[in-house]
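Visitor: Mind looking over this structure? Questions follow.
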Amino acid sequence: MIDDKPLMQSMMGERIWQIMQVDQEEFKRETKAYFALGYPGWTVKRVKYPIVYLQDDRNT
């Protein structure tokens, strides 16, 4: 939990995880873009393979 909000757990494809080994900044951009399309209003808070933790910011 962050700020008393539970985090949702999600996953993403191996293509993005492979970028993490090569370019951390590109990995961050790709991860944010991926979840912006699939979960508008949710913010990536933490990443630990294979889980991505998202916070619901739609009503804040």
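Numbering (the working numbering), first residue to last: 4 to 63.
Virtual Cβ for every residue (Gly too), placed ideally from N, Cα, C.
(1) Just to confirm, is the Cβ distance from M15 to T46 under 8 Å?
(2) Rounded to a whole number of angstroms, what is the C-alpha to C-alpha distance between R61 and L10?
(3) Within 10 Å of its beta-carbon, does L57 have 16 or more other beta-carbons around it, so buried, or fewer, so exposed?
(4) With DSSP as the reference, please indicate the residues paired to I54 in a beta bridge.
(5) Nearest CA to the CA of K8: which residue from P53, K48, I54 and Y52?
Guide: So, to answer that:
(1) In this structure, T46 does not lie closer than 8 Å to M15 by Cβ.
(2) R61 and L10 have their C-alpha atoms spaced approximately 13 Å apart.
(3) Counting Cβ neighbours within 10 Å, L57 comes out buried, since at least 16 surround it.
(4) I54 is bridged to K51.
(5) With distances taken between Cα atoms, K8 lies closest to K48.
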